[in-house]
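Protein chains in written order, with our numbering: chain H, 288 to 609; chain A, 206 to 587.
Below: one structure, written as structure tokens.
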């Protein structure tokens, strides 16, 4: 009896006996074998983490398109993946990070931006992209977004907007248009949704664009453009969610939502984001709205704070060397 | 400017400043925080000092963001820290959990004030001890150090950074308002006399690297951003590669590892200071500012010939259960003065079993015990 208990990892500092189930150790060879079977067949596989596909997204979901356009943008810019990192929050879009073969960080709900802020300030040479959903970035994470935009932290934010909380089964979001039905607004939404580009611009973003998944080339082009920008950039990618948002609002399957984007989108590059509000079944203004220059956080920090703090230190160092 | 990070010499500074200096000496190059009494002075010192050593100081929009930012900076390859007090500590709990789950080294300084809620912003408390242990949801191991002087604020912040690197997790420095605002002599040793644990990077090829290995008693080395290892870091239950796997099997390995890396190394981590516990009939168990009055009481009583001991907890977590259990077989009573309505006292009681009496001397906050009160309580058991 006593003998058996010795195999149960008795805690050395504990006072009680702890009984644990037998552990099944991680089988790395089996995991590697699974990876080897399917990985490398698709041209995009060099950008995808081995063994992570198939993804978890529903049929008709727009996330695959957005992920593909992101890879397309990386390819266009010929960026080495070791110089890129993706940070995501929680939700369907939060899963994007886990599929990309680079350094990826899947954080807590709403906190992708502050996590990415730390990452980007620690390594200003790395392209840090934040990939998250409308609920994550604008409800629970709204405060972080406006402050990162104000500071002009060097972050590329891609917000996949599907107008609802998809992962939890289609609840109302801060982007859900007035009148739209969700599982928590069964009688229609009594609140207006945010106009995301307008909010991002007002908060200080230096690049703001909106496209739908019907515009993959324009979207890829916009994402590629942000890789040349220093500072806080914001791209809204409107994506179908036939399971969570399409069904209750009778928008049809994913393809029907794409048709809706084709018919209702109006390309207006350079448009005032204030004019880009979205209504239920109304027109969707898309385009690259804002592209301005302003020193980013790190530049301001280096030019002002570090420059003031370090001359003395520099003199001291030189003195010692001499 | 590395020569400015270790201010070797004698200083007359408060505990908060000493925490900042300890961080800098340990190699901290990123601080994110939010103003809060009585921890603001840590941030103020960092705001002035970090730029001098080429580090980054940023005041975030709240404590949630501060905690998230130091995790991000840690994955960016910098040693990072934040400081706060009770209300901010509550906000940090979410991303402290992320730090535990993703095994991210960093240091969180909590200069405790009276709670709950806004409580006593300017006055002392010690009531966040259990929150430090259990505050974020789910199971994980916890390391919390408790300084009893500005000197220890320096020493233990260095130690906290070292433990954070060894065990790859957020480590708490649980100070209190009295120690944080107390000004005393602090001696910062020469650089070569400081023991600093550097960040461990993997040396194996990418294919062999398991960033969240669970097989050893210690975590794997950490591949930070840009090293080419393409690590996926997630707060979801994950396997040794970092891939999310939502099964009971992987959960067993993942969570057990997070708890066991501290449990199995507890005897290496635990630090206590004792006075006269070898012959003591009554032992006072205290920490932080309370241990200073407890020491006075114990020394006075010993001078008068009484067999009284002091067990000062330097690590609150892990708690020295085995030591207290051993003592309990020959000690009549443990007296636990603390500035809360019973937190470490419960831990002492748990370790003691029914072997000895445990007396909680509770103060709700805003005041300290007096040596006389402690002597009086001890006297009841002599």
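Even for Gly, the Cβ is constructed at its ideal location relative to N, Cα and C.
*Could you name the residues of chain H that residue 265 of chain A contacts, counting a contact when the two beta carbons are closer than 7 Å?*
Here residue 265 of chain A refers to the residue found at position 60 of the second chain. By Cβ distance, chain H contributes 401.
_Own chain partners of residue 345 of chain A with C-beta closer than 7 Å, once the 5 adjacent residues on each side are dropped_ = Within the second chain, residue 345 of chain A is the residue found at index 140, counting from 1. For residue 345 of chain A, where only same-chain residues beyond five positions count, the Cβ hits under 7 Å are 305, 463, 464.
*Rounded to whole angstroms, how far is the Cβ of residue 580 of chain H from the Cβ of residue 444 of chain H, which I believe are closer than 8 Å?*
Here residue 580 of chain H refers to the residue found at position 293 when the first chain is read from its first residue. Here residue 444 of chain H refers to the residue found at position 157 when the first chain is read from its first residue. Going by Cβ atoms, the distance from residue 580 of chain H to residue 444 of chain H rounds to 18 Å, so no, they are not a contact pair.
_Same chain, Cβ closer than 7 Å to residue 364 of chain H, neighbours up to 5 away in sequence not counted_ = In the first chain, the residue the question calls residue 364 of chain H occupies position 77. Cβ neighbours of residue 364 of chain H beyond the five flanking positions: 511, 514.
*Below 8 Å CB to CB, which residues in the same chain sit around residue 184 of chain A once its five sequence neighbours on both sides are set aside?*
No statement about residue 184 of chain A is possible, as the shown extent of chain A runs from 206 to 587 and does not include it.
*Relative to the alpha-carbon of residue 364 of chain A, which residue among A:313, A:342, A:325, A:319 has its alpha-carbon at the smallest distance?*
For this step, residue 364 of chain A is matched to residue 159 along the second chain. Among A:313, A:342, A:325, A:319, the Cα nearest to that of residue 364 of chain A belongs to A:313.
*Measure from the alpha carbon of residue 228 of chain A to the alpha carbon of each residue in A:239, A:243, A:252, then state which is nearest.*
Position 23 of the second chain, counted from the first residue, corresponds to residue 228 of chain A. It is A:252.
*Identify the contact partners of residue 522 of chain A in chain H, using a Cβ-Cβ distance below 9 Å as the criterion.*
The residue you call residue 522 of chain A lines up with position 317 of the second chain. Those within 9 Å of residue 522 of chain A in chain H number zero; the least Cβ separation is about 11 Å.
*What did DSSP end up calling residue 284 of chain A once you bin it into helix, strand or coil?*
Walking along the second chain from the start, residue 284 of chain A turns up at place 79. Correct three-state label for residue 284 of chain A: strand.
_First and last residue of the uninterrupted alpha helix (DSSP H) at residue 339 of chain A_ = The residue you call residue 339 of chain A lines up with position 134 of the second chain. That run of the alpha helix (DSSP H) goes 334-339.
_If the cut-off is 7 Å on Cβ atoms, which residues from the stretch 391-425 of chain H count as contacting chain A, listed in chain order?_
391, 392, 393, 394, 395, 398, 401, 402, 403, 404, 405, 406, 408, 409, 410, 413
_Interfacial residues, the stretch 424-457 of chain H to chain A, with Cβ spacing under 7 Å_ = 430, 431, 434
*Close Cβ partners of residue 422 of chain A (< 8 Å) along its chain, the five nearest in sequence each way excluded*: Within the second chain, residue 422 of chain A is the residue found at index 217, counting from 1. Contacts found: 465, 466, 469, 470.
*So, is residue 393 of chain H buried or exposed, given that buried needs 16 or more other C-beta atoms within 10 angstroms?*
For this step, residue 393 of chain H is matched to residue 106 along the first chain. Counting Cβ neighbours within 10 Å, residue 393 of chain H comes out buried, since at least 16 surround it.
*Could you work out which residues of chain A lie near residue 586 of chain H, taking near to mean beta carbons separated by less than 8 Å?*
Taking the first residue of the first chain as position 1, residue 586 of chain H is located at position 299. What residue 586 of chain H touches in chain A: nothing, since even the nearest Cβ is about 13 Å away.
*Could you tell me how far apart the beta carbons of residue 481 of chain A and residue 507 of chain A are, in whole angstroms, since I believe they sit closer than 8 Å?*
Translated into the one-based positions of the second chain, residue 481 of chain A becomes position 276. Translated into the one-based positions of the second chain, residue 507 of chain A becomes position 302. Indeed, because the Cβ distance is near 6 Å, the residues count as touching under 8 Å.
_For residue 289 of chain H and residue 292 of chain A, I'd like the C-alpha separation in whole angstroms._
Taking the first residue of the first chain as position 1, residue 289 of chain H is located at position 2. Taking the first residue of the second chain as position 1, residue 292 of chain A is located at position 87. Interpretation of residue 289 of chain H is limited by its pLDDT of 44, a score under 50 that renders its predicted location unreliable; no figure is taken from the coordinates.
_In the DSSP output, which residue or residues are listed as bridge partners for residue 463 of chain H?_
Within the first chain, residue 463 of chain H is the residue found at index 176, counting from 1. Residue 463 of chain H is not bridged to any residue.
*asked:* Let me make sure I understand the geometry here. Which of H:374, H:388, H:361 has the alpha-carbon closest to that of residue 322 of chain H?
replied: If you number the first chain from 1, residue 322 of chain H lands on position 35. It is H:388.
_So, for residue 501 of chain H: in the same chain, excluding its five sequence neighbours on each side, which residues have a beta-carbon less than 8 Å away from its beta-carbon?_
Here residue 501 of chain H refers to the residue found at position 214 of the first chain. Around residue 501 of chain H: 545, 548, 549, 552.
*Step through the CB atoms of chain A and report whether any lies within less than 8 Å of the CB of residue 491 of chain H.*
Mapped onto the first chain, residue 491 of chain H falls at position 204. By this cut-off, residue 491 of chain H is not an interface position.
*CB-CB under 8 Å to residue 444 of chain A, same chain, minus the five flanking residues each way: which ones, in chain order?*
Working through the second chain from its first residue, we reach residue 444 of chain A at position 239. Around residue 444 of chain A: 417, 450, 455, 458, 459.
*Between residue 258 of chain A and residue 209 of chain A, what straight-line distance do the alpha-carbon atoms span, to the nearest angstrom?*
Within the second chain, numbered from 1, the residue matching residue 258 of chain A stands at position 53. Within the second chain, numbered from 1, the residue matching residue 209 of chain A stands at position 4. Straight-line Cα distance between these residues: approximately 6 Å.
_Nearest-angstrom Cα separation, counted from residue 353 of chain H out to residue 606 of chain H_ = Taking the first residue of the first chain as 1, we reach residue 606 of chain H at position 319. Taking the first residue of the first chain as 1, we reach residue 353 of chain H at position 66. Per-residue confidence for residue 606 of chain H stands at a pLDDT of 36, beneath the threshold of 50, marking its modelled position as unreliable; the derived number appears in the next sentence. Going by the C-alpha atoms only, they are around 55 Å apart.
*residue 370 of chain A: buried (16+ other C-beta within 10 angstroms of its C-beta) or exposed?*
If you number the second chain from 1, residue 370 of chain A lands on position 165. Classification for residue 370 of chain A: buried.
*Kindly indicate which three-state DSSP category residue 206 of chain A falls into: helix, strand or coil?*
Within the second chain, numbered from 1, the residue matching residue 206 of chain A stands at position 1. Confidence at residue 206 of chain A is low in this model, with a pLDDT of 47, below 50, so the placement of that residue should be treated as unreliable; the coordinate-derived value is given next. Residue state, collapsed to three classes: coil.
*Which parts of the stretch 533-566 of chain A are runs of the beta strand (DSSP E), unbroken and 3 residues or longer, counting only runs that do not cross its ends?*
538-543
*Kindly indicate which three-state DSSP category residue 579 of chain A falls into: helix, strand or coil?*
Counting from one through the second chain, the residue named residue 579 of chain A turns up at place 374. Here residue 579 of chain A sits in helix by DSSP.
_alpha helix (DSSP H) segments (min. 4 residues) lying fully within the stretch 288-367 of chain A_ = 291-306, 334-339
_Contacting positions in the stretch 332-349 of chain H - beta carbon closer than 8 Å to chain A_ = 336, 338, 339
*Just the C-alpha distance for residue 466 of chain H and residue 277 of chain A, rounded to the nearest angstrom, thanks.*
By 1-based counting over the first chain, the position of residue 466 of chain H is 179. By 1-based counting over the second chain, the position of residue 277 of chain A is 72. Each residue's Cα considered, the two are about 39 Å apart.
_Nearest-angstrom Cα separation, counted from residue 404 of chain A out to residue 432 of chain A_ = Stepping through the second chain from its first residue, residue 432 of chain A is reached at position 227. Stepping through the second chain from its first residue, residue 404 of chain A is reached at position 199. C-alpha separation (whole angstroms): 13 Å.
*Counting only beta-carbon atoms, is residue 165 of chain A nearer than 8 Å to chain H?*
Past the boundaries of the shown model lies residue 165 of chain A; chain A is included only from 206 to 587, so the question cannot be answered.
*Contact list for residue 488 of chain A against chain H, beta-carbon separation under 9 Å*: Locating residue 488 of chain A in the second chain gives position 283, counting from the first residue. Residues of chain H passing the Cβ test: none, with the nearest at roughly 18 Å.
_Between the stretch 525-537 of chain H and the stretch 340-353 of chain H, can you find at least three pairs of beta-carbon atoms closer than 8 Å?_
yes
_Beta-carbon neighbours of residue 235 of chain A, restricted to chain H and to distances below 8 Å_ = Walking along the second chain from the start, residue 235 of chain A turns up at place 30. The answer, in chain order, is 405, 408, 409.
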